[in-house]
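Have a look at the structure below before the remarks.
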Amino acid sequence: MNEPQLEAVRHIEGPLLVLAGAGTGKTRVITHRIAHLIANRVVPPDRILGVTFTNKAAGEMKERVIKLLGLAGRWVRLSTFHSFCARLLRDHADKLGFTRSFTIYDSADSAALAKRIVKGLAIPEGQPSPGGALEVISRAKDRLIGPEEFVEQIAQADAIDEYILKNVAAIYRKYQAQLKKNNAFDFDDLLFATVGLLDKFPEVLAFYQNKFPYLLVDEYQDTNHAQYRLVKMLAGEHKNICVVGDDDQSIYGWRGADIKNILNFEADFAGCKVIKLEQNYRSTSIVLDAAHEVIRKIAGRKAKKLFTDRIGGDIITLMLCGDDRDEAEAVVGRIKTGLSFDNSPKDFAIMYRTHAQSRALEDALRDAGIPYKIIGGTKFYDRKEVKDVIAYLRLLINPDDTESLLRIINMPKRKIGKVTIDKLLAASAQVSMSAFELMGRPDSFGLKGQAADELRKLQSILKGLTARMDKLPINEIAVRLIDSIGYIRMLENEGTPEADVRIDNVKELVSAIIAYMERIEEAEEEAAADKEEGNEEATPNITPTLQGFLEEVALISEVDALGENDEAVVLMTLHAAKGLEFDTVFMTGMEQGLFPIVRDEVSRPSGDSLDEERRLCYVGVTRARKKLFLSLAGFRRRYDGSNITSPSCFLQDIPEKLLEVERHNYYDNYLFSPARTKPHYSRAASQRPTRKNHEPDYDLAAEMTPDEIIKIGMAVSHNTFGTGRIIDREGSGEDMILTIKFKSGTKKIMPKYAALEILGG
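Just so you know, the numbering used here puts the end of the sequence shown at 1113, numbered straight through with nothing missing.
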């Protein structure tokens, strides 16, 4: 062990903050510190409590302690926060009016209960949805806000519509009352109720303070307010608390983690000793230097810089790719090269900001026959929302597909219940007519009212789109379908982070259709060129069809088993990567608006949100042991077609001496300047170039008029009004007037007289 590690292990009395950078051996320090306390008879093993966040982490610590101490190590209490609280509540449930046999509700149980409550209270649809209400209630419990003080305290902290706020308050009161009636706690209650119990019954708190005079907390930067209060209460008497964490890796603010807990630890515990672990045993110095340049921009962080004995190493490769498909092909091409040098697939990890990005990468890996597995997510075409939309698309091709019809008949909700569906299926069996056709004749099987109207409406939507399939491109058919059935509106009404991800996936499915169309069009162009050269065997009349796309999707399931083994390339979001490490890491989608991510109308996050995105970038970079690849696409297929992108602001932080740049396919040299200040915009902003060697030797942007550069939907920056988005354009040339929506309001501006910086599409 190095000197700082030994110092942390040997610290015995009083509060201790161990700032453990990525790859610095924090678990080794925790377990050896426990062993040191027991071996030196400072405290018996059963009077040490260690808490962390996952069963895997708790289990690993337990195994290491037992290996160090033998049987004595089994008496140390090492568990997750929630496991510790559940056990404590079992012992004192009667004080809260519960019995020891209480049930712990999972997310599905909570959702079902919330749904019944919303229905019973006759709350209008989406005002809020059950899922949206649970999201707000969970946030309140994290902050230790009960149903009684909910309205006042949440109203002060969150911008929630007053009407919806009152509805959530009513749901919260009913929800907690029903939980108690059912002798049940939900997952958030385990912390919420434990803190309430210790606060209400001082004798119980005193018992646990004396039972566990030594407390260790792992990943302290990830604690929320309830966990912070619990830890502070338990350590309040003896103050022999050791917390281990890294503010640079605090990336879960979106789910309640509060970075102030670790930043303010010294103020919370007077006389606290601080030890920094800065020697990294994982990565090369090049990787660590890049990571430091990204993270040091955050103001107020605990100052530290990782170093290593592994000086030098492979330079970081920045891959500039034409579009998301080129990016996927470039990544997979590099993996194929690595495999040819006897590397294992499991040595490679591909990371991205959102799950929706996995689709193009999965396609490329399958085409190359490389096994893969997804961590923290479901394969793209297996995701519920994707399967729902595909079921709709199948009905446009085959209305007799009753299984697809049953999947979507009430998704989004149409108040078509089980009784209605049973009647429809029974009538279909009696008259030998498909259930789809009978939907237009509900009176024939005795159905009236709203359910009958909804069946007719659904059939009309699908038949109308089927009739237009020969007149519209298939991506337009998909967009009109999604809009007509209100699938995205349904998800938007949920108002949860999970719904945001599902919206991304629905839109990514449209991008997959566009990519399919482009592949077919390219094959058609190549066939035509072959014919001109006299090759009569060239494939004629290749056209993209919805049926062709659905066949491709259907065949994917036949080879998905490739990823079901350990010898596989790992795909994951950057959030899922924390705590892992790989020889070679690909961080994809390094584009402004995607990473750092933007989910609102302005194109640049700021303040705390940008800091958390920066920490997420730091986490991704420090997963690499030997080699790091960063990649971006000049064009990213989006819901409304291909749009030009801008390089991530994080790329500007990495010194050029640490980077080598590769341009793949038709990436415009002028989209990314050598100095990486800001991108130039070319005709590519409105027109996708050919995939064949697009290598301009002059700056197209210099020849363009404002009419060609400025488009509705672009994000811009104004010196006075800040960042906004163009929502309308009138006139042209010097008379052009733009309507721009800023945070402060909507303004009409003439570019001729205002200095506007174009930020991206």
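Even for Gly, the Cβ is constructed at its ideal location relative to N, Cα and C.
Looking at the structure shown, is residue i part of a helix, part of a strand, or coil, going by DSSP?
i     : result
F537  : strand
P999  : strand
I829  : helix
L926  : coil
H644  : helix
E873  : helix
L799  : coil
C624  : coil
E630  : coil
A578  : helix
I593  : strand
E359  : helix
P367  : coil
I418  : helix
I497  : coil
T848  : coil
Y560  : helix
P1103 : coil
T1075 : strand
T1098 : strand
Measuring only the C-alpha atoms, how far is residue i from residue j?
i     : j     : result
L658  : L557  : 39 Å
R988  : Q782  : 50 Å
R711  : S863  : 9 Å
L790  : R820  : 22 Å
T925  : S459  : 22 Å
E919  : D694  : 13 Å
G986  : L672  : 7 Å
V1013 : I726  : 28 Å
A474  : V520  : 13 Å
R495  : W606  : 13 Å
R491  : N613  : 17 Å
K1120 : E679  : The structure shown does not extend to residue 1120, since the chain spans only 353 to 1113, so no value can be given for it.
I489  : P849  : 14 Å
P896  : V858  : 20 Å
I1101 : R759  : 49 Å
P999  : S1096 : 27 Å
I619  : A387  : Note that residue 619 is Ala in the sequence shown here, rather than Ile. Computed Cα separation, rounded: 28 Å.
M763  : K731  : 21 Å
L914  : A587  : For L914, the predicted model reports a pLDDT of 36, less than 50, meaning its position is unreliable and no value from the coordinates is stated.
A410  : D574  : 15 Å
G402  : D538  : 23 Å
Q802  : P794  : 11 Å
V394  : R362  : 11 Å
Given a cut-off of 8 Å on the beta-carbon distance, is the pair residue i and residue j in contact?
i     : j     : result
E630  : K656  : yes
Q528  : L465  : no
T1091 : I1110 : no
L368  : I627  : yes
I949  : E965  : yes
R429  : R442  : no
G373  : D598  : yes
M869  : N827  : yes
Y724  : L982  : no
V973  : A643  : yes
I647  : R385  : no
L713  : R766  : no
T997  : E1082 : no
D541  : K467  : no
L817  : F788  : no
Kindly give me the distance between the Cβ atoms of residue i and residue j, rounded to whole angstroms, as I take these residues to be in contact under 8 Å.
i     : j    : result
V639  : I382 : So it is not a contact: roughly 25 Å between Cβ atoms.
L799  : T772 : 6 Å
K978  : T636 : 6 Å
T376  : N535 : Going by Cβ atoms, the distance from T376 to N535 rounds to 45 Å, so no, they are not a contact pair.
M585  : L615 : Contact flag wrong, Cβ pair sits at about 20 Å.
K447  : F621 : 29 Å between Cβ atoms; not a contact.
S1069 : N845 : Wrong, their Cβ atoms sit about 32 Å apart, outside the cutoff.
V905  : Y733 : 6 Å
F433  : F454 : Not quite, the Cβ-Cβ distance comes to about 18 Å (not below 8 Å), so this is no contact.
So does residue i have its beta carbon nearer than 7 Å to some heavy atom of the ligand NAP?
i    : result
K775 : Absence of the ligand NAP from the depicted structure is noted, as is the absence of any ligand whatsoever, leaving it without description.
With three or more beta-carbon pairs closer than 8 Å as the criterion, would you say the stretch 824–834 touches the stretch 737–748?
Yes, the stretch 824–834 is in contact with the stretch 737–748.
Given 8 Å as the limit, is there contact between the stretch 483–496 and the stretch 519–526, that is, 3 or more CB pairs closer than that?
The answer is yes - the stretch 519–526 touches the stretch 483–496, with three or more Cβ pairs under 8 Å.
The stretch 695–710 / the stretch 925–943 touching (three or more Cβ pairs under 8 Å)
Yes: the two stretches touch, three or more of their Cβ pairs being nearer than 8 Å.
Is the stretch 538–556 in contact with the stretch 436–448, if contact means three or more CB pairs nearer than 8 Å?
Taking 8 Å as the limit for Cβ pairs, the verdict is that the stretch 436–448 does touch the stretch 538–556.
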